[in-house]
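*Asks:* Pasting a structure here, questions to come.
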């Protein structure tokens, strides 16, 4: 302390506003105060002005009858349901298109990313062209092309393109037979669950045996056989409980069956092909990040190129891939709000309608922001968990 | 597009922050800045609001914006236009981004109250109709069970549609678009069987079709759609200016005052109503806070309601809309100006 004393003596002579520590605290306090005051001022003024204009406020409108219909509803909904329910329908539609889009974007991205590194000149160039074209054209433009040009060119319902028994494609969408679950469906479902469990057990056993004896087991083909045959057996034993309702051509449209709206198809196509281009680059970067020595060592052990990629390179590359991949998933989810341009009833579209019918912009925007924030944080949390799991494998 | 609503909401906050500017009447603010900021249809509705390749706006709704500018400044060109979608329009007015909304907007109870707005008149009496391709062979809207219907978001049309199909026990598939242009594209491509909006909107949109003759408007009118200008609630002086600008056009038609003869009538007319309206007698301008010749300027520069109607929607335009409900009350229509007294 002896050394510190003269210094503190000097410090006491310095004015406190010259002390960097005190200064830092004061600066931060001032900034915080300004931010809080600014926010309070904004909120206060908003409330005051809305009261003066006589704009309705509060969240009571969520329980009022919505009065409008939505084209794609995965839960029960019609015009007599509430605005709150309409929000939920929109949220589910956003979730639906985001999940399907993420699955396709990942598949496309992985295939294209690997293809770009292919030693086959043609494959590599096709993949490069895909990446460079798709990621450099604005997504909104791509969605509009998919919707108005590609799907807009499909024929009218009466000239539907038949793609096999009970499957029709026309400008109103893709029509598929709809499964109707009869008595005994439970037995069939039990068989499916059983098959999945059997496959999981088999994989563990095969892995252990491989690690113990080094003998590979054809896991893929056995799994496939179990997954097909066991449910089939259950299906026959239960007396074929599932029948199909086939779409029928009516006056205006095809009725019955399942329908996939063209808005939905355009969204999935646009989102997954656009995001897939970014994922392809991430995958390529991930693979290139693995040292050449890993490849050479694998070849030296006698593994084929495919095996090397699958067993050695990709598991390591995933650690590099996952964090930027998360951002792409978040982007895709948020980009789904562009659906409003092509009449896809996603959350943002429905929220816009509700905003207009109720006039309660502040509440509706607040709900919208909260929903997208939660969606993004949810995806983020999941991907962080997955990342942590993959990181554990690191040796 | 998706940003626009957020932006509008942000401007609600931002303008709310500048509370003092909003607290004063719009009228003073307009006089100070020297022009009227008018919210109009941004997706192009020929006859009501459309813009040509030189950037000149025209249409019935545009004439109303110009009339207000002529009344306030004596110059119909002192207008700045803000193109808006149906979804953005009310937020733009609530937030103070525009002074006046003249965008074929239906007067309803909710909008007049809970949205914090005031409707000040009706410049076009309309009703919701249906348009279908002729090839569909449909003669009545009651044959539309199971149809898929193109409709614009954020409109009364969307709600009436749901009510109509429900009341008649019919099912339908709504395909909801944000702008009229996207809707027209999808409808022509055959995405929907039916296009529904106000009848005037159907006729107007049809002028933009590639093959307008292949489409027919069904006879049913399923709703009342009184379209008119809107101001912010509690903005009474400004509301009066807009209301009486519209009435001046209607009153002028009733008394036979046109842009051609207004100079002569101002100098020579002995009719007391015309003299009062044109500011020769009385102090109407002062009562409204406007120059004495405010109505004269409107009629001189824009014309009376009938002239505006014929120029934008009448027999010599592609729309060829008959006066019908929008004729003067003296000829069996609904256009009726409150007395200039």
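Residue numbers (the numbering used here), protein chains in the order written: chain L, 70 to 464; chain Z, 16 to 356.
Every residue, glycine too, gets a C-beta built ideally from N, C-alpha and C.
Just so you know, these numbers come straight off a predicted model, no measurement behind them.
Where do the ends of the alpha helix (DSSP H) carrying residue 126 of chain L lie?
*Replies:* No alpha helix (DSSP H) contains residue 126 of chain L, which DSSP labels as neither H nor E.
*Asks:* Taking the beta carbon of residue 247 of chain Z as the centre, do at least 16 other beta carbons fall within 10 Å, making it buried, or is it exposed?
*Replies:* So residue 247 of chain Z counts as buried.
*Asks:* Relative to chain Z, which residues along the region 260-284 of chain L have a C-beta separation below 7 Å, given in chain order?
*Replies:* Answer set for the region 260-284 of chain L: empty.
*Asks:* Can you list, in chain order, the residues of its chain with a C-beta nearer than 7 Å to that of residue 148 of chain Z? Leave out the 5 residues immediately preceding and following it.
*Replies:* Closer than 7 Å at the Cβ level, and outside the excluded window around residue 148 of chain Z, lie 229 and 230.
*Asks:* For residue 118 of chain L and residue 193 of chain Z, what's the separation of their Cα atoms in angstroms?
*Replies:* Distance between the alpha carbons of residue 118 of chain L and residue 193 of chain Z is about 28 Å.
*Asks:* Could you tell me the distance, in whole angstroms, from the CA atom of residue 263 of chain Z to the CA atom of residue 209 of chain Z?
*Replies:* When rounded, the distance between both Cα atoms is 39 Å.
*Asks:* Between residue 243 of chain Z and residue 80 of chain Z, what straight-line distance do the alpha-carbon atoms span, to the nearest angstrom?
*Replies:* Approximately 12 Å between the Cα atoms of the pair.
*Asks:* Helix, strand or coil for residue 242 of chain Z, going by three-state DSSP, please let me know.
*Replies:* Strand.
*Asks:* Check distances from the C-beta atoms of the region 151-165 of chain Z to those of chain L and list, in chain order, the residues that come in under 7 Å.
*Replies:* Cβ contacts with chain L: 161, 162 and 163.
*Asks:* How close, in whole Å, do the beta carbons of residue 138 of chain Z and residue 60 of chain Z come, if the pair is a contact with beta carbons under 8 Å?
*Replies:* Not a contact, Cβ separation roughly 13 Å.
*Asks:* Identify the contact partners of residue 134 of chain L in chain Z, using a Cβ-Cβ distance below 7 Å as the criterion.
*Replies:* What residue 134 of chain L touches in chain Z: nothing, since even the nearest Cβ is about 10 Å away.
*Asks:* Can you name the residues that DSSP bridges to residue 311 of chain L?
*Replies:* Note: residue 311 of chain L sits in a beta bridge opposite L:250.
*Asks:* Of all the beta strand (DSSP E) runs that stay within the bounds of the region 51-120 of chain Z, which reach a length of 3 or more residues?
*Replies:* DSSP runs (the beta strand (DSSP E)) wholly in the region 51-120 of chain Z: 51-56 and 94-99.
*Asks:* Which bits of chain L does residue 130 of chain Z rub up against, with CB to CB less than 9 Å?
*Replies:* Under the 9 Å cutoff, chain L gives 122, 123, 124, 125, 427, 428 and 429.
*Asks:* Take residue 112 of chain Z as the anchor and find which of Z:161, Z:45 and Z:346 has the nearest alpha-carbon.
*Replies:* Per the Cα distances, Z:45.
*Asks:* Using the C-alpha atoms, what's the distance from residue 254 of chain Z back to residue 200 of chain Z?
*Replies:* Distance between the alpha carbons of residue 200 of chain Z and residue 254 of chain Z: 37 Å.
*Asks:* According to DSSP, is residue 358 of chain L helix, strand or coil?
*Replies:* Coil.
*Asks:* Please report how far the alpha carbon of residue 143 of chain Z lies from the alpha carbon of residue 173 of chain Z, in whole angstroms.
*Replies:* Their backbone Cα atoms lie some 10 Å apart in a straight line.
*Asks:* Please look up how many angstroms separate the CB atoms of residue 411 of chain L and residue 213 of chain L, rounded, as I've assumed it's under 8 Å.
*Replies:* Correct: roughly 7 Å between the Cβ atoms.
*Asks:* From the DSSP output, read off the bridge partner residues of residue 211 of chain Z.
*Replies:* Partner(s): Z:145.
*Asks:* Should residue 305 of chain L go down as buried or exposed, given a rule of 16 or more other Cβ atoms within 10 Å for buried?
*Replies:* It is exposed - the Cβ of residue 305 of chain L has fewer than 16 other Cβ atoms within 10 Å.
*Asks:* Return no unless some Cβ of chain Z is closer than 8 Å to the Cβ of residue 416 of chain L.
*Replies:* No - not a single Cβ of chain Z is within 8 Å of the one on residue 416 of chain L.
*Asks:* Who are the near neighbours of residue 158 of chain L in its chain, counting only those whose CB is closer than 6 Å to its CB and skipping five residues on each side?
*Replies:* Excluding sequence neighbours, residue 158 of chain L sits near 139, 142 and 146.
*Asks:* For the region 89-98 of chain Z against the region 81-92 of chain L, do three or more pairs of beta-carbon atoms, one drawn from each stretch, fall closer than 8 Å, so that the two count as touching?
*Replies:* No contact exists between the region 89-98 of chain Z and the region 81-92 of chain L.
*Asks:* In three-state terms, what does DSSP make of residue 144 of chain L?
*Replies:* Here residue 144 of chain L sits in coil by DSSP.
*Asks:* Give the residues of chain L in contact with residue 189 of chain Z, contact being defined as C-beta atoms less than 8 Å apart.
*Replies:* Those are 137, 138, 139 and 140, listed as they occur along chain L.
*Asks:* Who are the neighbours of residue 324 of chain L on chain Z, taking C-beta pairs under 8 Å?
*Replies:* Near residue 324 of chain L (Cβ distances below 8 Å), the residues of chain Z are 161.
*Asks:* Taking only the alpha-carbon atoms, compute the straight-line gap between residue 329 of chain Z and residue 83 of chain Z and give it to the nearest angstrom.
*Replies:* One C-alpha to the other measures close to 22 Å.
*Asks:* Residues of the region 105-120 of chain Z with a CB closer than 7 Å to any CB of chain L: list them in chain order, please.
*Replies:* So the close ones are 105, 106 and 109.
*Asks:* Could you tell me whether the Cβ atoms of residue 393 of chain L and residue 351 of chain L are closer together than 8 Å?
*Replies:* Taking 8 Å as the Cβ cut-off, residue 393 of chain L and residue 351 of chain L qualify as a contacting pair.
*Asks:* If contact is defined by three or more beta carbon pairs under 8 Å, each pair taking one atom from either stretch, is the region 208-222 of chain L in contact with the region 339-350 of chain L?
*Replies:* They touch, by the three-pair rule.
*Asks:* Of the residues Z:152, Z:105, Z:216 and Z:319, which one's Cα is nearest the Cα of residue 269 of chain Z?
*Replies:* The shortest Cα separation from residue 269 of chain Z among Z:152, Z:105, Z:216 and Z:319 belongs to Z:319.
*Asks:* Taking the runs of the alpha helix (DSSP H) that are 4 residues or longer, which of them lie wholly in the region 272-340 of chain Z?
*Replies:* Runs of the alpha helix (DSSP H) inside the region 272-340 of chain Z: 277-283, 287-292, 299-303, 309-316 and 320-327.
*Asks:* Nearest-angstrom Cα distance between residue 429 of chain L and residue 124 of chain L?
*Replies:* Going from the Cα of residue 429 of chain L to the Cα of residue 124 of chain L covers about 7 Å.
*Asks:* How about residue 431 of chain L and residue 423 of chain L: do their beta carbons lie closer than 8 Å?
*Replies:* No, the pair does not count as a contact, with Cβ atoms beyond the cut-off.
*Asks:* Considering only C-alpha positions, which residue in the set L:251, L:317 and L:405 is nearest to residue 308 of chain L?
*Replies:* It is L:251 whose Cα lies nearest to the Cα of residue 308 of chain L.
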